[in-house]
Amino acid sequence: MLGAGNPVGGSNPAGTGSVLNYVGEHAYAYSGAITCDNNETTLIDATTGNNYIVAKFQPSVIADTSDNMQFNVKINSELITRVQITSSTATTPYEEVEIIIAPNSRLEITCLNQTDTSANDCAAMLTGRVY
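Residue numbers 184 to 314, in this note's numbering, belong to the letters of the sequence shown in order.
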């Protein structure tokens, strides 16, 4: 079960990290603040278990910046959606993107600065229901 987080029914009190955590019928991953520059930086990299997940992804830029920060969501190395936050002036989460993650899939969420080489703290939050 390498990279799959805790088994269904387990819990991880640590809170942040790049893997999926399971609590009962729910799954979550909180990357915590990670510095992202103009290189694609991994925020979450996890493999799902034998169940599928209906999840919401929420990107966040944790600093005021005029840079354009791009978040990529990939399943099994294929880009399924991209969210761009432009000129962040508040440290709040942004739009939620709902996705279904198939069983035994690899989920990757990355971030990069599209404007220049400066670095900004970004985060990814994923919460969902396991079926």
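Yeah, the Cβ is synthetic: ideal placement off N, Cα and C, and Gly gets one too. None of these values were measured; they are calculated from a predicted model.
{"Query": "Determine the direct distance from the alpha carbon of Y314 to that of P190, and round the result to whole angstroms.", "Result": "Model confidence at P190 stands at a pLDDT of 42, short of 50, so the residue's coordinates are unreliable and nothing is read from them."}
{"Query": "In three-state DSSP terms, what is Q297?", "Result": "coil"}
{"Query": "Please identify the residue among A238, G200, P242 and I227 whose C-alpha is closest to the C-alpha of P286.", "Result": "A238"}
{"Query": "Rounded to whole angstroms, what is the Cα-Cα separation between N234 and S249?", "Result": "40 Å"}
{"Query": "Just reading off the beta strand (DSSP E) that E318 is part of, what are its end residues?", "Result": "The first residue shown for the chain is 184 and the last is 314, placing residue 318 beyond what the model contains."}
{"Query": "Spell out a yes or no on whether the stretch 260 to 270 and the stretch 208 to 228 are touching, meaning 3 or more CB-CB pairs, one atom from each, closer than 8 Å.", "Result": "no"}
{"Query": "Rounded to a whole number of angstroms, what is the C-alpha to C-alpha distance between L295 and K257?", "Result": "14 Å"}
{"Query": "Anyone know if the C-beta pair for A307 and S260 falls short of 9 Å?", "Result": "no"}
{"Query": "How far does the beta strand (DSSP E) with E281 in it extend, from its first residue to its last?", "Result": "V280 to I284"}
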